[in-house]
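Enquirer:
2 protein chains.
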Amino acid sequence: MLNSITQLFGIRYPIIQAGMVWASGWRLASAVSNAGGLGLLGAGSMYPAVLREHIQKCKKATDMPFGVNVPLLYPDIDKLMEIILDEKVKIVFTAAGNPNLWTKHLKSHGCTVAHVVSSVKFALKAQACGVDAIVAEGFEAGGHNGREETTTMALIPLVKKTIEIPLIAAGGIGSGNAMLAAHALGADGVQVGSRFVATPEASSHDYFKTEVIKAQQGSTELTLKELTPVRLLKNPFYNKIKELYAEGASTEKLNKLLGKGRAKKGMFEGDLVEGELEIGQVAAQIEKIIPAAEVVEEFISAYNNKLGKLELFN
Amino acid sequence: MLNSITQLFGIRYPIIQAGMVWASGWRLASAVSNAGGLGLLGAGSMYPAVLREHIQKCKKATDMPFGVNVPLLYPDIDKLMEIILDEKVKIVFTAAGNPNLWTKHLKSHGCTVAHVVSSVKFALKAQACGVDAIVAEGFEAGGHNGREETTTMALIPLVKKTIEIPLIAAGGIGSGNAMLAAHALGADGVQVGSRFVATPEASSHDYFKTEVIKAQQGSTELTLKELTPVRLLKNPFYNKIKELYAEGASTEKLNKLLGKGRAKKGMFEGDLVEGELEIGQVAAQIEKIIPAAEVVEEFISAYNNKLGKLELFN
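Chains A and B, in that order, are what the protein sequence lines are. Per our numbering, residue 1 is the first one in the first sequence, and the count goes up by one each step. Per our numbering, residue 1001 is the first one in the second sequence, and the count goes up by one each step.
1) In the DSSP output, what is P71(A) paired with across the bridge?
2) Name the residues in the segment 1195-1210 of chain B whose C-beta lies less than 7 angstroms from a C-beta of chain A; which are they?
3) Would you give the residue range spanned by the beta strand (DSSP E) that A191(A) belongs to?
4) Can you check the segment 188-233 of chain A for any beta strand (DSSP E) of at least 3 residues that lies completely inside it and give the ranges in chain order?
5) Among G67(A), H109(A) and N100(A), which residue has its Cα nearest to the Cα of L85(A)?
6) Taking its Cβ as the centre, do 16 or more other Cβ atoms sit within 10 Å of H1105(B), making it buried, or is it exposed?
7) From which residue to which residue does the alpha helix (DSSP H) around H183(A) run?
8) Three or more beta-carbon pairs under 8 angstroms between the segment 1122-1138 of chain B and the segment 1159-1172 of chain B, yes or no?
9) How far does the beta strand (DSSP E) with G1017(B) in it extend, from its first residue to its last?
10) Helix or strand or just coil, what does DSSP make of L1101(B)?
11) Determine the direct distance from the alpha carbon of G1143(B) to that of V1050(B), and round the result to whole angstroms.
12) Against chain B, does N177(A) count as a neighbour if the rule is that its beta carbon must be under 8 angstroms from one of theirs?
13) Note down, in chain order, every chain A residue with its Cβ under 8 angstroms from the Cβ of K1125(B).
14) Would you kindly report the start and end of the unbroken beta strand (DSSP E) that includes E137(A)?
15) CB-CB under 7 angstroms to S1004(B), same chain, minus the five flanking residues each way: which ones, in chain order?
16) Identify, in the order they occur along the chain, each residue of the same chain with its Cβ nearer than 8 angstroms to the Cβ of G1130(B), setting aside the five sequence neighbours on each side.
17) Residues in the segment 1096-1122 of chain B with C-beta within 7 angstroms of chain A's C-beta atoms, listed in sequence order?
18) Using 8 angstroms as the limit for Cβ to Cβ distance, is P1157(B) near chain A?
19) Could you give the DSSP three-state label for V1117(B): helix, strand or coil?
20) Could you tell me the distance, in whole angstroms, from the CA atom of E1201(B) to the CA atom of I1286(B)?
21) Name the chain B residues that come within less than 7 angstroms of A133(A), Cβ to Cβ?
22) Chain B partners of E221(A), CB-CB under 8 angstroms?
23) Could you compute how far the alpha carbon of K1253(B) sits from the alpha carbon of K1225(B)?
24) Pull up the DSSP beta-bridge partners for G1042(B), would you.
25) For F1009(B), collect the residues of the same chain with a Cβ closer than 7 angstroms to its Cβ; drop the 5 residues on either side in sequence, then sort them by chain order.
26) Indicate whether the contact test is met: 3 or more Cβ pairs, each with one atom in the segment 257-273 of chain A and one in the segment 292-300 of chain A, closer than 8 angstroms.
27) Where T6(A) and I1015(B) are concerned, what is the direct C-alpha to C-alpha distance, given to the nearest angstrom?
28) Going straight from the alpha carbon of F1196(B) to that of T152(A), what length do you get?
29) Against chain A, does E1140(B) count as a neighbour if the rule is that its beta carbon must be under 8 angstroms from one of theirs?
30) Taking only three categories from DSSP, how would you classify L167(A)?
31) Output, in chain order, the set of chain A residues within a Cβ distance shorter than 7 angstroms of K1306(B).
32) If the cut is a Cβ gap below 8 angstroms, which residues of chain A does G1172(B) touch?
33) With distance defined between alpha-carbon atoms, name the residue in V1192(B), V1032(B), W1026(B) and K1057(B) nearest to I1279(B).
34) Starting from the Cα of K1260(B), find the closest Cα among Y1013(B), E1276(B) and D1132(B) and give me that residue.
35) When the distance is taken between beta carbons, is A184(A) closer than 8 angstroms to L1310(B)?
36) Using a threshold of 8 angstroms, state whether the C-beta atoms of T1150(B) and S1118(B) are closer than that.
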């Protein structure tokens, strides 16, 4: 099937593996790329030297296209970008920041650039900056998210109507059925995060993966809206946040509680008590840890299966 | 097309028009039923005698099946149910309460019963009570909503996996594309609210309809979570709620501000300043007021059109 996303990135299936902090290293990215999707390294949790190492290992592990996800608020952003270009990575997903400056730079070096947004307004801005594709992420997604709280079902048709470049749906994409739903809404491809956390290839701590498997409906909440809104799995650290809210705590106090390194502690080091655990609402749908290639196969198989069963009305 | 929802209700298309307060009178319900969907009278905003009048007018306006939506916390619930049975209405959608008692009663009188939920847990309970279908409503829906904040994209697959009876998706269904998406997720039909508010047949005040047309992304928010969570259009009344939150006001104070009759004031009387305006996130997608029959036609046409364009992967 010819598709604007598969053509843009030179991949078989329009399934992008999200470049998640503390989960998306070379093992996961190369496994997804080898399975026909697009693997992304999550640079947000990597020092520049670590990113270089992951890029080099990813190149050895796959001959297929892969990319890097870069949060534009990264403190050492210049160094990251230098490494990406030096290592000749040809696909960059940017997020959390203004794509204006870096899009031109990356494209002048032959990169294909996608930018992640949670609103129509920023989708339009990113398109004007010259990005090649938009990732529109709904409220149900794990990790950092938009203030409008627009869900994937409500967001994708709005963005689709507004932009002219290819559109990737993110948030709530936990199966091939949801991928089909996203395409029905007007997306040309999907970005999948949470489902890829529960794979052996994800670099997340096994304790965290086990919590993801155990999650039920209502196990996550979008919180810390006064700082940067983030969807967290409910754990003792989350409970501390709730206690502060109950006390009517200031933004300053919330910031102090959050501190630094909470995400690493929770998702990478497996501290389920003190750590921050970022995951999407689809965690409730995930029942077991399976290889990333199987995730891709299951998605395509379910997509085709369901599409074959839907009938026209007359 | 044979479908469990069309068969259950004896209708042509599995499009249920939500029984919304202050919007869903006999004009809207009969128009939707005549167009091949299922119209519902919204008993939640009707005195018993008013409901009887609407049922009788609806019968005169259509020979097709229609139903009544009943919030089970309605103070005069016994009287409403008596009228429904006395008038031989054969389809009842219940919401906001325990379906145990009334489901048996209604079914013993030959009614088909559907129950609205926002969680897997209550879907299971409703199924155990013997309802014929479940409406699962996501976070993006207008009006009252669940505390888990689960979006339609995340909720439908969870409920589908759990129940065995037909499933109707609600929340974020603003077009035929979204209807197709809901079916891809596993729903057998859709319940559409907000889109039907912006029709000439809706009994809502024209001022409110105009606000719905003007709504953009971020124009609604799920608020008053300490009372009953409700998704509201942002207006001066909503701003007053936000001011109370900023002051750290008690639940009591919030309740006092809300008072009684806010919804009628806003949606029926058109007081855009002091009234409560309930609408879903899809309001941002609605661009004009069109007849209810056109809404149904546009949905089916877009559903078929998009389904015809989706291709299998290989």
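Glycine is no exception: its CB is placed at the ideal position from the N, C-alpha and C atoms.
Expert: So, from the data block:
1) Counting from 1 along the first sequence, the entry for residue 71(A) is found at position 71. In the DSSP output, where bridge partners are listed per residue, P71(A) has A95(A).
2) none
3) The count along the first sequence starts at 1 and reaches residue 191(A) at position 191. According to the sequence provided, residue 191(A) is Gln. The question's Ala does not apply to it. First-last of the beta strand (DSSP E) with Q191(A): G189 to V192.
4) 189-192, 220-223 and 230-233
5) For the purposes of this step, residue 85(A) is taken as the residue at position 85 of the first sequence. The candidate whose alpha carbon is nearest that of L85(A) is H109(A).
6) Position 105 of the second sequence, counted from the first residue, corresponds to residue 1105(B). When all chains shown are included, H1105(B) counts as exposed.
7) Translated into the one-based positions of the first sequence, residue 183(A) becomes position 183. From DSSP, the alpha helix (DSSP H) with H183(A) extends over G176 to L185.
8) yes
9) Translated into the one-based positions of the second sequence, residue 1017(B) becomes position 17. The sequence shown places Gln at residue 1017(B), rather than the Gly named in the question. Run containing Q1017(B): I1015 to Q1017, per the beta strand (DSSP E) assignment.
10) One-based indexing of the second sequence puts residue 1101(B) at position 101. Three-state DSSP puts L1101(B) in a helix.
11) By 1-based counting over the second sequence, the position of residue 1050(B) is 50. By 1-based counting over the second sequence, the position of residue 1143(B) is 143. Their Cα atoms are separated by approximately 22 angstroms.
12) To locate residue 177(A), count along the first sequence from 1; it is residue 177. Chain B, which has a Cβ nearer than 8 angstroms to the Cβ of N177(A), makes this yes.
13) One-based indexing of the second sequence puts residue 1125(B) at position 125. Under the 8 angstroms cutoff, chain A gives no residues; its nearest Cβ is about 14 angstroms from K1125(B).
14) On the first sequence, residue 137(A) is found 137 positions in, with the first residue counted as 1. Unbroken beta strand (DSSP E) run through E137(A): A133 to E137.
15) The residue labelled residue 1004(B) in the question sits at position 4 within the second sequence. Excluding residues within five positions, the ones whose Cβ falls inside 7 angstroms are P1166 and D1188.
16) Position 130 of the second sequence, counted from the start, is the residue given in the question as residue 1130(B). Closer than 8 angstroms at the Cβ level, and outside the excluded window around G1130(B), lie T1103, K1104, K1107 and V1113.
17) S1119 and V1120
18) Here residue 1157(B) corresponds to residue number 157 of the second sequence, with the count starting at 1. Yes, P1157(B) counts as interfacial toward chain A.
19) Counting from 1 along the second sequence, the entry for residue 1117(B) is found at position 117. Residue state, collapsed to three classes: strand.
20) The residue labelled residue 1201(B) in the question sits at position 201 within the second sequence. The residue labelled residue 1286(B) in the question sits at position 286 within the second sequence. In a straight line, the C-alpha of E1201(B) is about 16 angstroms away from that of I1286(B).
21) For this step, residue 133(A) is matched to residue 133 along the first sequence. None at all; the shortest Cβ gap to chain B is about 18 angstroms.
22) For this step, residue 221(A) is matched to residue 221 along the first sequence. Simply E1149.
23) Your numbering for residue 1253(B) matches position 253 in the second sequence. Your numbering for residue 1225(B) matches position 225 in the second sequence. Whole-angstrom Cα-Cα distance: 13 angstroms.
24) As a working note, residue 1042(B) is residue 42 in the second sequence. G1042(B) pairs with N1069(B).
25) Taking the second sequence and counting its residues from 1, one reaches residue 1009(B) at position 9. If we look at F1009(B) and ignore the five residues flanking it on each side, its Cβ neighbours are L1038, P1065, I1091 and T1112.
26) no
27) Within the first sequence, the letter at position 6 stands for residue 6(A). Within the second sequence, the letter at position 15 stands for residue 1015(B). Computed Cα separation, rounded: 34 angstroms.
28) Start at 1 with the first residue of the second sequence, and residue 1196(B) comes out as number 196. Start at 1 with the first residue of the first sequence, and residue 152(A) comes out as number 152. Cα-Cα distance, rounded: 21 angstroms.
29) For the purposes of this step, residue 1140(B) is taken as the residue at position 140 of the second sequence. Closer than 8 angstroms to some Cβ of chain A, the Cβ of E1140(B) qualifies, so yes.
30) Taking the first residue of the first sequence as 1, we reach residue 167(A) at position 167. In this structure, L167(A) counts as strand in the three-state DSSP scheme.
31) The residue labelled residue 1306(B) in the question sits at position 306 within the second sequence. What K1306(B) touches in chain A: A184.
32) Within the second sequence, residue 1172(B) is the residue found at index 172, counting from 1. Near G1172(B) (Cβ distances below 8 angstroms), the residues of chain A are T151, M153 and A154.
33) Locating residue 1279(B) in the second sequence gives position 279, counting from the first residue. Closest option to I1279(B), Cα to Cα, is V1192(B).
34) Residue numbering aside, residue 1260(B) sits at position 260 when the second sequence is read from its first letter. The candidate whose alpha carbon is nearest that of K1260(B) is E1276(B).
35) Along the second sequence, read from residue 1 onward, the residue named residue 1310(B) stands at position 310. Along the first sequence, read from residue 1 onward, the residue named residue 184(A) stands at position 184. Yes, the Cβ-Cβ distance between L1310(B) and A184(A) is below 8 angstroms.
36) Here residue 1150(B) refers to the residue found at position 150 when the second sequence is read from its first residue. Here residue 1118(B) refers to the residue found at position 118 when the second sequence is read from its first residue. The answer is yes: Cβ separation under 8 angstroms.
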